[in-house]
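Student: Once you've had a glance at the structure underneath, I'll fire off some questions.
Numbering (the numbering used here), first residue to last: 614 to 927.
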């Protein structure tokens with residue numbers, strides 16, 4: 614398969630989504646360079662990478678690959694745009710790691726969702742992170758070629774997309790980024806300010822941002838959970854009046870937690886959050902009764918308005 618075909622089918626959605634997410638989640642702008650072949654022997658780890666394994670008709674790894682200083686600059690900018698505050702960290706810490714994870718998860722989630730709609734018969738793992746070369750060695754095992762696309766970030770530097778290819782057997786298809794902010798809450802009565810709201814997301818950064826939006830809107834009674842199973846228990850024991858719940862989480866996903874909450878007899882209004890816009894997943898959640906679906910990212914510039922639009926009950 615030619616580099617052109619691999620780029621169009623596999624890499625293009627990641628490139629397209631990362632540049633779009635730079636615009637929507639940071640104050641930075643980026644542009645893609647020409648794709649080229651990296652030799653496996655000369656491939657060098659740059660210091661920080663967000664990865665997703667590819668299985669099926671395409672066997673390999675997709676990698677969003679940064680120099681540490683580029684990762685720091687992007688992480689600071691993600692935080693700044695999420696919280697509308699200045700961030701000037703000089704090295705990756707827990708807060709920047711959370712920001713980079715949210716940015717990477719958004720990109721990988723949206724790009725893999727778009728690819729899944731084209732029946733290419735390969736799948737992607739949940740994103741994971743690599744911080745040193747020793748971790749990289751096992752991912753290079755069996756790799757036959759590496760396709761690389763540089764992304765230049767204005768005023769910052771570069772990061773790279775690498776497609777580590779072990780085996781490939783699929784047909785070309787064209788994909789484009791879906792522009793959507795979500796599925797609206799159909800209800801009309803505003804949620805009372807004294808209501809108890811449960812935030813469920815395994816990203817501490819997202820919980821912090823949404824809690825800030827809620828507080829700004831006058832909602833002070835906010836509790837948190839970092840996993841679907843914890844959310845199920847919180848609904849049982851703390852009786853929240855409203856939920857915002859992520860879909861993809863570490864232990865129990867939000868769609869599974871939603872089913873368990875409904876099976877327990879609770880009709881608490883639930884608004885789902887996700888970077889994945891898969892219609893089947895949305896339909897599944899709607900069948901379990903949700904009051905809307907917010908597609909990430911959510912930023913300081915629009916977060917309060919988005920959250921307010923969804924804070925409605927029957």
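Beta carbons are placed, not taken as given, at the ideal position from N, Cα and C, and that holds for glycine.
#1: I'd like the ranges of any alpha helix (DSSP H) spanning at least 4 consecutive residues and lying wholly in the region 851 to 897.
#2: Excluding five sequence neighbours on each side, which residues of the same chain lie with their C-beta closer than 6 Å to the C-beta of residue 809?
#3: For residue 895 versus residue 858, is the C-beta spacing smaller than 7 Å?
#4: Please report the residue range of the alpha helix (DSSP H) in which residue 683 lies.
#5: Would residue 807 be called buried (16 or more neighbouring beta carbons within 10 Å of its own) or exposed?
#6: Determine the contact status of residue 773 and residue 765, defining contact as a CB-CB distance below 7 Å.
#7: Quick check: the Cα distance between residue 711 and residue 888, rounded to an integer number of angstroms?
#8: Please report the straight-line C-alpha distance between residue 909 and residue 653, rounded to a whole angstrom.
#9: In terms of residue numbering, what span does the alpha helix (DSSP H) encompassing residue 618 cover?
#10: Does the region 702 to 720 come within contact of the region 838 to 846, defined as at least 3 CB pairs closer than 8 Å?
#11: State the Cα-Cα distance for the pair residue 861 and residue 740, rounded to the nearest angstrom.
#12: What's the call for residue 726, buried or exposed, on a 16-neighbour Cβ count within 10 Å?
#13: Rounded to whole angstroms, what's the CA-CA distance from residue 646 to residue 864? Just pull it up for me.
#14: Please identify the residue among 763, 723, 846 and 659 whose C-alpha is closest to the C-alpha of residue 886.
#15: Quick check: residue 872 and residue 914, are their CB atoms within less than 7 Å of each other?
#16: Quick check: what's the CA-CA separation for residue 868 versus residue 846?
#17: Measuring CB to CB, does residue 826 end up less than 7 Å from residue 749?
#18: Using CA atoms only, rank isn't needed, just tell me which of 906, 651 and 927 is closest to residue 758.
#19: Exposed or buried, which one is residue 805 when buried takes at least 16 other CB atoms within 10 Å?
#20: Given residue 684, which residues of its chain have a CB within under 7 Å of its CB, disregarding the five upstream and five downstream residues?
#21: What runs of the beta strand (DSSP E), each 3 residues or longer, lie entirely inside the region 794 to 829?
#22: Give the secondary structure of residue 739 by DSSP, where H, G and I count as helix, E and B as strand, and everything else as coil.
#23: Quick check: the Cα distance between residue 626 and residue 664, rounded to an integer number of angstroms?
#24: Assuming contact is defined by CB atoms lying nearer than 7 Å, are residue 648 and residue 680 in contact in what I supplied?
Tutor: In terms of the structure at hand:
#1: Counting only runs of 4 or more residues that sit fully inside the region 851 to 897, the alpha helix (DSSP H) segments are 867 to 876, in chain order.
#2: In the chain shown, counting from the first residue as 1, residue 809 sits at position 196. For residue 809, same chain residues with a beta-carbon under 6 Å away, outside a window of 5 residues either side, are 834, 853 and 854 in chain order.
#3: On the chain shown, position 282 is the one that residue 895 refers to. On the chain shown, position 245 is the one that residue 858 refers to. Using a Cβ distance threshold of 7 Å, residue 895 and residue 858 do not count as a contacting pair.
#4: As a working note, residue 683 is residue 70 in the chain shown. Counted as a single uninterrupted DSSP element, the alpha helix (DSSP H) harbouring residue 683 occupies residues 681 to 696.
#5: As a position in the chain shown, residue 807 is number 194, starting the count at 1. A residue is called buried when at least 16 other Cβ atoms come within 10 angstroms of its Cβ; residue 807 does not meet this threshold and is exposed.
#6: Counting from one through the chain shown, the residue named residue 773 turns up at place 160. Counting from one through the chain shown, the residue named residue 765 turns up at place 152. Contact flag unset, no.
#7: If you number the chain shown from 1, residue 711 lands on position 98. If you number the chain shown from 1, residue 888 lands on position 275. Distance between residue 711 and residue 888, taken at the CA atoms: about 15 Å.
#8: Along the chain shown, one-based indexing puts residue 909 at 296. Along the chain shown, one-based indexing puts residue 653 at 40. About 35 Å.
#9: Position 5 of the chain shown, counted from the start, is the residue given in the question as residue 618. Boundaries of the alpha helix (DSSP H) harbouring residue 618: 616 to 619, taken from the DSSP string.
#10: Per the Cβ contact rule, the region 702 to 720 is not in contact with the region 838 to 846 (fewer than 3 Cβ pairs under 8 Å).
#11: The sequence position of residue 861 within the chain shown is 248, counting from 1. The sequence position of residue 740 within the chain shown is 127, counting from 1. Approximately 11 Å between the Cα atoms of the pair.
#12: Here residue 726 refers to the residue found at position 113 when the chain shown is read from its first residue. Classification of residue 726: buried, given that the 10 Å Cβ count is 16 or more.
#13: The residue given as residue 646 occupies position 33 in the chain shown. The residue given as residue 864 occupies position 251 in the chain shown. The straight-line gap from Cα to Cα measures roughly 38 Å.
#14: Position 273 of the chain shown, counted from the start, is the residue given in the question as residue 886. Among 763, 723, 846 and 659, the Cα nearest to that of residue 886 belongs to 723.
#15: Along the chain shown, read from residue 1 onward, the residue named residue 872 stands at position 259. Along the chain shown, read from residue 1 onward, the residue named residue 914 stands at position 301. No, Cβ-Cβ distance for residue 872 and residue 914 is not below 7 Å.
#16: In the chain shown, counting from the first residue as 1, residue 868 sits at position 255. In the chain shown, counting from the first residue as 1, residue 846 sits at position 233. Between residue 868 and residue 846, the alpha-carbon positions lie close to 15 Å from each other.
#17: In the chain shown, residue 826 corresponds to position 213, counting from 1. In the chain shown, residue 749 corresponds to position 136, counting from 1. The Cβ atoms of residue 826 and residue 749 do not sit closer than 7 Å to each other.
#18: Here residue 758 refers to the residue found at position 145 when the chain shown is read from its first residue. Of the candidates 906, 651 and 927, the one whose C-alpha sits nearest the C-alpha of residue 758 is 651.
#19: The residue you call residue 805 lines up with position 192 of the chain shown. By the neighbour-count rule (16 or more Cβ atoms within 10 Å), residue 805 is not buried but exposed.
#20: Position 71 of the chain shown, counting from 1, holds the residue named residue 684. Listed in chain order, the non-local C-beta contacts of residue 684 below 7 Å within the same chain comprise 661, 705 and 713, local neighbours out to five positions each way being set aside.
#21: The DSSP assignment places 810 to 813 as complete runs of the beta strand (DSSP E) inside the region 794 to 829, in order along the chain (cut-off: 3 residues).
#22: Counted from its first residue, the chain shown places residue 739 at position 126. For residue 739, the secondary structure class from DSSP, reduced to helix, strand or coil, is coil.
#23: For the purposes of this step, residue 626 is taken as the residue at position 13 of the chain shown. For the purposes of this step, residue 664 is taken as the residue at position 51 of the chain shown. Each residue's Cα considered, the two are about 15 Å apart.
#24: Locating residue 648 in the chain shown gives position 35, counting from the first residue. Locating residue 680 in the chain shown gives position 67, counting from the first residue. Contact check for residue 648 against residue 680 fails: the beta carbons are separated by 7 Å or more.
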